[in-house]
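Letter by letter, the sequence shown follows residues 117 to 472 in our numbering.
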Amino acid sequence: MREYFFKFISMTKKKDIRALTKEELRDFFVSKGEKPFRGNQVYEWLWSKSAHSFVDMSNISKEIRLMLEDQFVINHIKVDQMQKSNDGTIKNAIKLHDGFIVESVLIPTDKRTTACVSSQVGCSLNCTFCATAQLQKKRNLNPDEIYDQVVVINQQSKLYYGRKLTNIVFMGMGEPLMNYNNVLAAIEKITMDEGLGMSPKRITLSTSGIPKMIKKLADDDVKFNLAVSLHTAQEEIRKKIMPFSESFPLDDLKESLLYWYAKTKQKVSFEYVVWKGINDNQEAIDALIKFCKQVPSKVNLIEYNPIENSGFNQASPEIIKLYIETLEKNQIVVNVRKSRGKDIDAACGQLANKSS
Ligand code: SAH
Numbered sequence: 117m118r119e120y121f122f123k124f125i126s127m128t129k130k131k132d133i134r135a136l137t138k139e140e141l142r143d144f145f146v147s148k149g150e151k152p153f154r155g156n157q158v159y160e161w162l163w164s165k166s167a168h169s170f171v172d173m174s175n176i177s178k179e180i181r182l183m184l185e186d187q188f189v190i191n192h193i194k195v196d197q198m199q200k201s202n203d204g205t206i207k208n209a210i211k212l213h214d215g216f217i218v219e220s221v222l223i224p225t226d227k228r229t230t231a232c233v234s235s236q237v238g239c240s241l242n243c244t245f246c247a248t249a250q251l252q253k254k255r256n257l258n259p260d261e262i263y264d265q266v267v268v269i270n271q272q273s274k275l276y277y278g279r280k281l282t283n284i285v286f287m288g289m290g291e292p293l294m295n296y297n298n299v300l301a302a303i304e305k306i307t308m309d310e311g312l313g314m315s316p317k318r319i320t321l322s323t324s325g326i327p328k329m330i331k332k333l334a335d336d337d338v339k340f341n342l343a344v345s346l347h348t349a350q351e352e353i354r355k356k357i358m359p360f361s362e363s364f365p366l367d368d369l370k371e372s373l374l375y376w377y378a379k380t381k382q383k384v385s386f387e388y389v390v391w392k393g394i395n396d397n398q399e400a401i402d403a404l405i406k407f408c409k410q411v412p413s414k415v416n417l418i419e420y421n422p423i424e425n426s427g428f429n430q431a432s433p434e435i436i437k438l439y440i441e442t443l444e445k446n447q448i449v450v451n452v453r454k455s456r457g458k459d460i461d462a463a464c465g466q467l468a469n470k471s472s
């Protein structure tokens, strides 16, 4: 009886239509005796027009719409809560179809508006300075859930700042390379003409540094930018502050980045926070310089955003100045990234669903 019940449920459960590729949609229509171009039409409604219901699909006959409704659902995300920082940054708590919440951030500056999107619910890595790490990983986001965050932020950008989104960074919750296929599928939709038509040059994927997957990115010939959260080029210290890196020694990371550069000719950006008592000394600077000389790269010095009970503190301005001077003396490009949206916990490493 119980078995029959579950069989019945799985038979009646509607499929997520956005899990289908364009080809699969075309094939579906052919199997129903319809013309394949119906698949293209529905695909366009689902992606470039972001339709939330089959009723909206005005060039599709009522009969077909009812048939689709009978078999499929269109899952979509909802902005559950929106908070605006006094620097203009907007943080969204996004509710997924199964009730989980992730966060996505809109960061406006003079020249650009950037979307910072999440790739997982929580995170499976354990960086000791990051608030997201305190939430365990619940699940990976689907391609449509990643894509929809960009759509929502693009709409907010137009509404509040009168311009389209210019950049996307995968620096929200989660480790994008631990959700490889879905993140790449989302980027494909973001860049394709039937999606948002954005240039991959305006997209940056940030990883904590998983060598095997960095090599896979290079093999897959991706055209977007790569950032690695390095934070220290000293093995023992990295193992302490980013314990997962025990399994991924710096030599392997270096080798994967050399492979990335050989294939893509793109420099990696290293994200780097300087903390008191961790990497605020000459030895740490020397190690970073040595690493950067071995791997074609630039460095983004990120301001530390304090999180509760972490015990980490931002290093003194003097030592940060010394970092900048030493990097520049060694012809390594260095940018200093100021925190945005700190007052609403929207800055790097602060995403932890604290809004509610
Ligand atoms: N897992 C990926 C994507 C998250 S990006 C990665 O680690 O790259 C988030 C960025 O913010 C990473 O560079 C991360 O190291 C950094 N970060 C985490 N906690 C932070 C904090 N409290 N202050 C400043 N940056 C932080």
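Using N, Cα and C, we set each Cβ at its ideal position, and we do this for glycine too.
No experiment lies behind these values; they were computed from the predicted model shown.
Residue i CB to nearest heavy atom of ligand 1 below 6 Å
{"i": "Phe407", "result": "no"}
{"i": "Cys232", "result": "no"}
{"i": "Ser99", "result": "Within the shown structure, residues of the chain are numbered from 117 to 472, placing residue 99 beyond reach of any answer."}
{"i": "Tyr420", "result": "yes"}
{"i": "Thr320", "result": "no"}
{"i": "Thr478", "result": "The structure shown has nothing for residue 478, since the chain only spans 117 to 472."}
{"i": "Met358", "result": "no"}
{"i": "Val158", "result": "no"}
{"i": "Ile423", "result": "yes"}
{"i": "Ser532", "result": "Residue numbering for the chain in the displayed model covers 117 to 472; residue 532 lies beyond these limits and cannot be assessed."}
{"i": "Gly465", "result": "yes"}
{"i": "Glu362", "result": "no"}
{"i": "Val338", "result": "no"}
{"i": "Val389", "result": "yes"}
{"i": "Glu287", "result": "The sequence shown places Met at residue 287, rather than the Glu named in the question. Answer for Met287: yes, Cβ within range of ligand 1."}
{"i": "Phe153", "result": "no"}
{"i": "Ser345", "result": "yes"}
Residues bridged to residue i [DSSP beta-bridge criterion]
{"i": "Met198", "result": "Asn208"}
{"i": "Glu219", "result": "Ala209"}
{"i": "Ile284", "result": "Ala231, Ile319"}
{"i": "Gln236", "result": "Asn256"}
{"i": "Ala334", "result": "Paired residues: none, contrary to the question."}
{"i": "Lys414", "result": "Ser385"}
{"i": "Ser345", "result": "Glu387"}
{"i": "Pro62", "result": "Residue numbering for the chain in the displayed model covers 117 to 472; residue 62 lies beyond these limits and cannot be assessed."}
{"i": "Val189", "result": "Asp132"}
DSSP state of residue i mapped onto helix, strand, coil
{"i": "Pro327", "result": "helix"}
{"i": "Arg453", "result": "strand"}
{"i": "Lys131", "result": "strand"}
{"i": "Ser432", "result": "coil"}
{"i": "Ile125", "result": "Only weak support exists for where Ile125 lies, its pLDDT of 43 falling under 50; the value from the coordinates is given anyway. Three-state result, Ile125: helix."}
{"i": "Phe144", "result": "helix"}
{"i": "Glu352", "result": "helix"}
{"i": "Thr307", "result": "helix"}
{"i": "Glu441", "result": "helix"}
Problem set entry | Any 3 or more C-beta pairs closer than 8 Å across the region 237-249 and the region 291-311 | yes
Problem set entry | the region 142-162 / the region 265-285 touching (three or more Cβ pairs under 8 Å) | no
For this session: Flag this pair as touching only if the region 428-446 and the region 383-397 have three or more C-beta atom pairs under 8 Å; answer yes or no.
Result: yes
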